[in-house]
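Single-structure report; data block below.
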Amino acid sequence: PSPVTKFQPCAFPEIKHGSQYNENRYTPYFPAAVGNWYHYSCNDNFVTHSGLYLDHIICTREGWSPAVPCRRRCLFRYVVHGYTPSYEEYHKDYFQGDTVRVECHPGYSLPNEQSSMTCTENGWSPHPRCIQTCSKSDLEIPNGFISESDPTYPVHKRVQYKCKQGYVTTDGHTTGSITCQQNGWSAQPTCIKYCDVPVFENARATGHGTWFKVNERLDYVCHDGYKNGNGHTRGTIVCGDNGWSDTPTCHERKCTVPDIEKYVIAEPRKDTYRVGDVLKFSCRNRLQIVGPDSSQCYHFGWSPDPPTCKEQVKSCGLRPELPNGEAQSTPKEEYQHGEVVEYVCKPRFLMKGSHRVQCLDGEWTTLPMCIEEDSTCGDVPALAHGYVISPAAPYHHGDSVEFNCREAFTMIGHRSVTCIRGRWTQPPRCIETDERKKCKLSKSIARETNLSNNDDYTHNMNVIYTCRGKSEHRHSICKNGEWDPEVTCTEVRRCPPPPQIPKTEKMTTTVNYQDGEKISILCQENSLIQGPEEIECKDGIWQPIPRCVEKLPCSQPPHIEHGTVNSPISSEKGEEKHEPHTYTHGTKLNYICEDGFRISAEDGITCHMGTWTSPPRCIGLPCGPPPLIRNGIGPKMLNSYPYGIEVTYRCSKGFEIDGPASVKCIGERWSRPPECIKAKCSDPPRIANAILVSKRKKSYSSGEELTYKCDEYYQMEGSNIVQCIKGKWIGEPTCRDVSCANPPTVENARILDGMPRYISGDRVSYECIRPLALFGNREVICLDGTWSEPPQCKESERKCGPPPPIQSGDITTFPLAEYAPGSSVEYQCQFLYELQGNKQITCRDGKWSEPPKCFDTCVISEEIMEKHNLQTGDIVEFVCKRGIVNSHQSDCLVTCMKGKWIGEPTCRGKATTF
Numbered sequence: 001p002s003p004v005t006k007f008q009p010c011a012f013p014e015i016k017h018g019s020q021y022n023e024n025r026y027t028p029y030f031p032a033a034v035g036n037w038y039h040y041s042c043n044d045n046f047v048t049h050s051g052l053y054l055d056h057i058i059c060t061r062e063g064w065s066p067a068v069p070c071r072r073r074c075l076f077r078y079v080v081h082g083y084t085p086s087y088e089e090y091h092k093d094y095f096q097g098d099t100v101r102v103e104c105h106p107g108y109s110l111p112n113e114q115s116s117m118t119c120t121e122n123g124w125s126p127h128p129r130c131i132q133t134c135s136k137s138d139l140e141i142p143n144g145f146i147s148e149s150d151p152t153y154p155v156h157k158r159v160q161y162k163c164k165q166g167y168v169t170t171d172g173h174t175t176g177s178i179t180c181q182q183n184g185w186s187a188q189p190t191c192i193k194y195c196d197v198p199v200f201e202n203a204r205a206t207g208h209g210t211w212f213k214v215n216e217r218l219d220y221v222c223h224d225g226y227k228n229g230n231g232h233t234r235g236t237i238v239c240g241d242n243g244w245s246d247t248p249t250c251h252e253r254k255c256t257v258p259d260i261e262k263y264v265i266a267e268p269r270k271d272t273y274r275v276g277d278v279l280k281f282s283c284r285n286r287l288q289i290v291g292p293d294s295s296q297c298y299h300f301g302w303s304p305d306p307p308t309c310k311e312q313v314k315s316c317g318l319r320p321e322l323p324n325g326e327a328q329s330t331p332k333e334e335y336q337h338g339e340v341v342e343y344v345c346k347p348r349f350l351m352k353g354s355h356r357v358q359c360l361d362g363e364w365t366t367l368p369m370c371i372e373e374d375s376t377c378g379d380v381p382a383l384a385h386g387y388v389i390s391p392a393a394p395y396h397h398g399d400s401v402e403f404n405c406r407e408a409f410t411m412i413g414h415r416s417v418t419c420i421r422g423r424w425t426q427p428p429r430c431i432e433t434d435e436r437k438k439c440k441l442s443k444s445i446a447r448e449t450n451l452s453n454n455d456d457y458t459h460n461m462n463v464i465y466t467c468r469g470k471s472e473h474r475h476s477i478c479k480n481g482e483w484d485p486e487v488t489c490t491e492v493r494r495c496p497p498p499p500q501i502p503k504t505e506k507m508t509t510t511v512n513y514q515d516g517e518k519i520s521i522l523c524q525e526n527s528l529i530q531g532p533e534e535i536e537c538k539d540g541i542w543q544p545i546p547r548c549v550e551k552l553p554c555s556q557p558p559h560i561e562h563g564t565v566n567s568p569i570s571s572e573k574g575e576e577k578h579e580p581h582t583y584t585h586g587t588k589l590n591y592i593c594e595d596g597f598r599i600s601a602e603d604g605i606t607c608h609m610g611t612w613t614s615p616p617r618c619i620g621l622p623c624g625p626p627p628l629i630r631n632g633i634g635p636k637m638l639n640s641y642p643y644g645i646e647v648t649y650r651c652s653k654g655f656e657i658d659g660p661a662s663v664k665c666i667g668e669r670w671s672r673p674p675e676c677i678k679a680k681c682s683d684p685p686r687i688a689n690a691i692l693v694s695k696r697k698k699s700y701s702s703g704e705e706l707t708y709k710c711d712e713y714y715q716m717e718g719s720n721i722v723q724c725i726k727g728k729w730i731g732e733p734t735c736r737d738v739s740c741a742n743p744p745t746v747e748n749a750r751i752l753d754g755m756p757r758y759i760s761g762d763r764v765s766y767e768c769i770r771p772l773a774l775f776g777n778r779e780v781i782c783l784d785g786t787w788s789e790p791p792q793c794k795e796s797e798r799k800c801g802p803p804p805p806i807q808s809g810d811i812t813t814f815p816l817a818e819y820a821p822g823s824s825v826e827y828q829c830q831f832l833y834e835l836q837g838n839k840q841i842t843c844r845d846g847k848w849s850e851p852p853k854c855f856d857t858c859v860i861s862e863e864i865m866e867k868h869n870l871q872t873g874d875i876v877e878f879v880c881k882r883g884i885v886n887s888h889q890s891d892c893l894v895t896c897m898k899g900k901w902i903g904e905p906t907c908r909g910k911a912t913t914f
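Residue 715 in full-length UniProt numbering sits at position 715 of the sequence shown, with consecutive numbering throughout.
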């Protein structure tokens, strides 16, 4: 016998978007054999294959057929911002898989530039809505161009643009991007002219900019010893359309021979001197020098000023007293010209200026200043094999402590250390006495005066020596194998008196200084030192030379997120300020953070030369567990969550999230949590003067739409759809009454074909009772609830024709062929013409009353006419120019009548003038 083929039976059918008819009754019959069939129905918005309410599915060898029993039904009503080319496609049912071609209005397109939409299981895809697109032609980029070729771009598309050479975007790049948004391009791209950082010659920029916009300034400063073309050490250049306004070039500063008296000798004599050159002075004819014997060339000129030469000089009286300081020598009643007194400051005070004061022709040079110094030093540095004698902390500026070495050890160096501005000076060393090193003296360099012929010299041995060819005696002491000072025959150059640096406190001194000596500089008030605070005598010149620059104020302090500035306190005066426009150099400000935030580090900033120091940050504090929401499920609960973290909620079955699903920790508190609301909508809304077209149900799922239709005599304004969104009906269809009631009553007329109510567009005709004639339109029209203007019924014998025309004028209304008795019209004149007579005429006994006339205006000049408000009939007096005689003896009075001057006078010789 032939083999029997067995087929797999069909399991209970899972009908998506539908259900089997009376499925509880037929459940025991499954699995079903091939060939069995069952009825089924579909949910709302879905239809069976036959389109009937009930259809059947059949078990086949391949399974249930049809494979998709319930197909989505899509209703096509309209396209937002678009249309379909075929009118027949509107208000039609489409089924899952059907497509409709769509065309959008200019400036709009379907998402992803699609040209059609398809009915899918979830409805139309894409939705029947044309979204706005962006056009390349809407962009104007002076000095730039779009680097892509497409003419239009969809929403969210990011487009690149480039700037031409020599131009950049507003943030300094050669390329930028813009995005097509719902309301157009995100920004209008801009390419601006810019300048690169120029090449500096012997100068440097004071800022840190890497590129500059047109009209922006760049400040620069010359290197020491240099100046720009204007003779200044600082300069400014401006970025323009053609580049920088100037080249930031500085040239070496030179000094010329200073003005000196005829008895003063200045050596060496040159045409120009470089910065650092020293000029030495002496007097002729054995005169005595009054002032410095040398001066140095600096970037600001010669300092100190040249001396004078005198035959006789005066002595000085008592030496001056130095506040917070004292002289180091015994006082005298009288000091000779040229004598020097040295001063020191008391402990806790710092000396500024020269510590030497000189008697100069009866007057003392400037005293130094002793300024209070609040700094203290820490522990005294430890000394190996030694100890401190009588320590007494704390140690302030100027305090000293002495050391001693232990037995069998010898001290090398100064016995004491001094606290100078918070730091200790170099401490001595203690070495074993038996290990002290010897010194050697090279006979080729120096010759010992006492001719001991020693080769080695022990510690603390004093040697007096002379250099070859010199008679000057020098001395040095052997200190543990090294000579102090160094045994040398090289001439040690002394420095001229220290310079008077611009914007520093006055320092007039004429004393020369030895190599290695230092002077402390003090700037004037409102100036700040740039560079070291001390200058040192090295190789015969003072170096390095600092600058005193004006203290620059700061603008408003920087803003920090979640923080504000506290009341500012000036570090210089300690006075409270109230939000000034600028802040002086040295001002300190403090920040405070909002609740839920803490300050990151130091809470203050300081104004330093026009710039604020870096501000602190406000750091968010952690949050506790997030809040619970009704009908919702939150994240796993923790005791603490870090600042900035987000957690997400979800809703229970039958509820939908309303608002953002996540909350964020924003400083000890959470942002507002969402709500879980019912997903379905109940009864559809009642719309006045409208009926529901869609099927009515007990509840509707989120996303479902309902359609309304206006009652007769009403017209829909806006959309006729409402949609269920998260349990609420969205949309407000409005039906407006566009009908008209009884047409207007016309005296002595009857209405033809009258009705109790009229829809928009209906017409009604009138007929006059004989023998009266109809004037105006025979019909009135109902337009949006309002009737047009009705006609009139009047006697026809006394009617008038069109109004008479006038020169340079016309009536203000559209002319009719006929006018009823008693009708009126108005006239108006053309520009620069004036109306005389009654501007309104009336139809009486078949004739129009007298029309007005339009005359030229009397023109002198438009400004004079307006200034003096001249009109027809006004009297004007003319006056001839000086030296010109009126040709008539009568008064120069004229009158403007009908656009002409009556009685116009003339002046002999020249034209008349007003």
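All residues carry an ideal CB built from backbone N, CA and C; glycine is no exception.
For residue i and residue j, what's the separation of their Cα atoms in angstroms?
i: Val313; j: Arg286; result: 13 Å
i: Trp787; j: Phe655; result: 53 Å
i: Val80; j: Pro685; result: 23 Å
i: Val693; j: Ala773; result: 51 Å
i: Thr179; j: Thr133; result: 11 Å
i: Gly231; j: Glu252; result: 10 Å
i: Ser260; j: Thr366; result: Residue identity differs from the one stated: residue 260 is Ile in this sequence, not Ser. For Ile260 and Thr366, the distance between alpha carbons rounds to 22 Å.
i: Tyr649; j: Ser662; result: 6 Å
i: Pro151; j: Glu668; result: 51 Å
i: Cys665; j: Phe597; result: 12 Å
i: Glu14; j: Pro635; result: 34 Å
i: Ala392; j: Thr376; result: 13 Å
i: Val264; j: Cys283; result: 5 Å
i: Gly837; j: Cys829; result: 12 Å
i: Ile192; j: Thr247; result: 22 Å
i: Ser400; j: Gln514; result: 25 Å
i: Leu522; j: Ser390; result: 34 Å
So, using beta-carbon positions, are residue i and residue j closer together than 8 Å?
i: Pro427; j: Phe403; result: yes
i: Val100; j: Thr84; result: yes
i: residue 926; j: Arg763; result: Not covered by the structure: residue 926. The range shown for the chain is 1 to 914.
i: Ile759; j: Tyr713; result: yes
i: Pro292; j: Pro502; result: no
i: residue 924; j: Thr236; result: A query on residue 924 cannot be resolved here, the shown segment of the chain reaching from 1 to 914 and no further.
i: Glu505; j: Gln530; result: no
Comparing C-alpha positions only, which one of the options sits nearest to residue i?
i: Arg423; options: Gly620, Gly398 and Thr842; result: Gly398
i: Arg348; options: His396, Asp456, Pro804 and Cys793; result: His396
i: Lys794; options: Glu321, Ala446 and Gly846; result: Gly846
i: Ile519; options: Ser527, Asp753, Ala327 and Thr508; result: Thr508
i: Cys782; options: Cys800, Asn742, Phe775 and Ser808; result: Asn742
i: Asn720; options: Gly727, Lys728 and Cys735; result: Cys735
Could you tell me how far apart the beta carbons of residue i and residue j are, in whole angstroms, since I believe they sit closer than 8 Å?
i: Arg844; j: Pro821; result: 7 Å
i: Asp658; j: Pro674; result: 6 Å
DSSP three-state call for residue i: helix, strand or coil?
i: Arg204; result: strand
i: Asp277; result: coil
i: Glu23; result: helix
i: Asp138; result: helix
i: Thr433; result: helix
i: Glu472; result: coil
i: Glu113; result: helix
i: Tyr591; result: strand
i: Tyr29; result: helix
i: Glu668; result: coil
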